[in-house]
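A quick write-up on the structure given underneath.
Number of protein chains: 2
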Amino acid sequence: MSAIREYYSITELTREFGVSTRTLRFYEDEGLIHPVRRGRTRLFRPSDRHLLKQILRGKRLGFSISEIQEIIQMYKAPPGELGQIHLMMKRVEEKRGELRQKRRDIEETLAELDQVEEGCIERLAELGVNT
Amino acid sequence: MSAIREYYSITELTREFGVSTRTLRFYEDEGLIHPVRRGRTRLFRPSDRHLLKQILRGKRLGFSISEIQEIIQMYKAPPGELGQIHLMMKRVEEKRGELRQKRRDIEETLAELDQVEEGCIERLAELGVNT
DNA sequence: TCACGAATTTACGTAAAAGTCAATTGAACG
DNA sequence: CGTTCAATTGACTTTTACGTAAATTCGTGA
Chain P
1 MSAIREYYSI TELTREFGVS TRTLRFYEDE GLIHPVRRGR TRLFRPSDRH
51 LLKQILRGKR LGFSISEIQE IIQMYKAPPG ELGQIHLMMK RVEEKRGELR
101 QKRRDIEETL AELDQVEEGC IERLAELGVN T
Chain S
1001 MSAIREYYSI TELTREFGVS TRTLRFYEDE GLIHPVRRGR TRLFRPSDRH
1051 LLKQILRGKR LGFSISEIQE IIQMYKAPPG ELGQIHLMMK RVEEKRGELR
1101 QKRRDIEETL AELDQVEEGC IERLAELGVN T
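Same order as they appear, the protein sequences are chains P and S.
Residues in the first sequence are numbered consecutively from 1, following the numbering used here.
Residues in the second sequence are numbered consecutively from 1001, following the numbering used here.
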């Protein structure tokens, strides 16, 4: 069993997650991640790795970089000021709405794919497969 | 009650779905939709409108135009040839995999948003709100 | 008939998200 | 010490998905 690593190199992460170094540097430029440095070389901590996971999750869901930024900001400590807190709770509710919509979209698409499959199975039957 | 319309104008659809005419023409250029014509003017049938719904659903899920093309192709009649049918069933299963991944991503994100909200509520309590 | 509003085509522009290439820099190894 | 390998920066390029503007056409109503 491998203990939790202190640091990951950039290529370790690119291999693990199937992204390029350019991508990771791009995310850093955009302020999504902040790996530390030894000299000029980036060192990614477990927290950076975790953040990257969240970024890629957002990408899979079709969120843009700036939208992902927004979401990531929410994960950081909740703000101190009253108005800010309410604003954040409003943002959370909005994101929930988007995600629920996406979930409905997924269910609908899955249902349609089921129909496609059924059609295929029927065609196979017509062709005399497995009779 | 309004019966099902025979045709929709391009602007009717743009208003209903909140997209531009440019977008609809672009989708036509890309071969996603095929409205009929009266002279040069496009006439969108209910089936085109339905297709557009599916396209926008795909967009919300972060699929690219070409991926949406692929999915739409599946909705058309299942192919006749045996090998083609098996290929299509394989594609269906792949898409299902992607969609299930997205669904997991959604659940995880929703769970994290719940935590964000809880953090907010705690902060509110600390600030003496509603005590 | 003239003007209008809605639609068209053609063409160029653009923002986002990287890809690609070149030149450089250390660090390490035999 | 030379070289090799991983990493860096900087600049330019590319792809996707439209936006935008110009010039034109068509049907309709005053």
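No residue lacks a Cβ here, since even glycine has one placed at the ideal position from N, Cα and C.
- Under the 10 Å beta carbon count, proline 35 of chain P is surrounded by 16 or more other beta carbons and is classified as buried.
- Under the three-state reduction of DSSP, leucine 43 of chain P is assigned to strand.
- Under the 8 Å criterion on CB atoms, valine 92 of chain P is classed as interfacial with respect to chain S.
- Put simply, the CB of tyrosine 1027 of chain S is far from chain P, with every gap to its CB atoms at 8 Å or more.
- Annotation: leucine 1110 of chain S to leucine 99 of chain P spans about 7 Å, alpha carbon to alpha carbon.
- When 9 Å is used as the limit between beta carbons, threonine 1014 of chain S is near no residue of chain P, the shortest such separation being about 20 Å.
- At a beta-carbon threshold of 8 Å, the residues of chain P lying near arginine 1060 of chain S are Gly62, Gln101, Lys102, Asp105, ordered along the chain.
- Within chain P, the residues placing a beta-carbon under 7 Å from that of glutamate 1117 of chain S are Met89, Val92, ordered along the chain.
- For arginine 1049 of chain S, no Cβ of chain P is located within less than 8 Å of the residue's own Cβ.
- By the criterion of at least three beta-carbon pairs nearer than 8 Å, the stretch 1033-1049 of chain S is not in contact with the stretch 85-97 of chain P.
- Beta-bridge partners assigned by DSSP to tyrosine 1008 of chain S: S/Phe1044.
- Inter-residue distance for tyrosine 1075 of chain S and arginine 1091 of chain S is about 12 Å (C-alpha atoms, whole angstroms).
- Within chain S, the residues placing a beta-carbon under 7 Å from that of glutamate 108 of chain P are Arg1057, ordered along the chain.
- Assigned with DSSP and collapsed to three states, valine 1019 of chain S falls in coil, not helix or strand.
- Rounded to the nearest angstrom, the gap between the Cα atoms of leucine 1052 of chain S and isoleucine 1033 of chain S is 8 Å.
- Listed in chain order, the beta strand (DSSP E) runs fully inside the stretch 1079-1103 of chain S amount to none, counting runs of at least 3 residues.
- In the DSSP annotation of this structure, the continuous segment of the beta strand (DSSP E) that includes valine 36 of chain P starts and ends at 36-38.
- The DSSP-derived three-state label of leucine 113 of chain P is helix.
- Around the beta-carbon of leucine 127 of chain P, fewer than 16 other beta-carbon atoms lie within 10 Å, marking it exposed.
- Arginine 49 of chain P sits buried, since 16 or more C-beta atoms from the chains shown fall within 10 Å of its C-beta.
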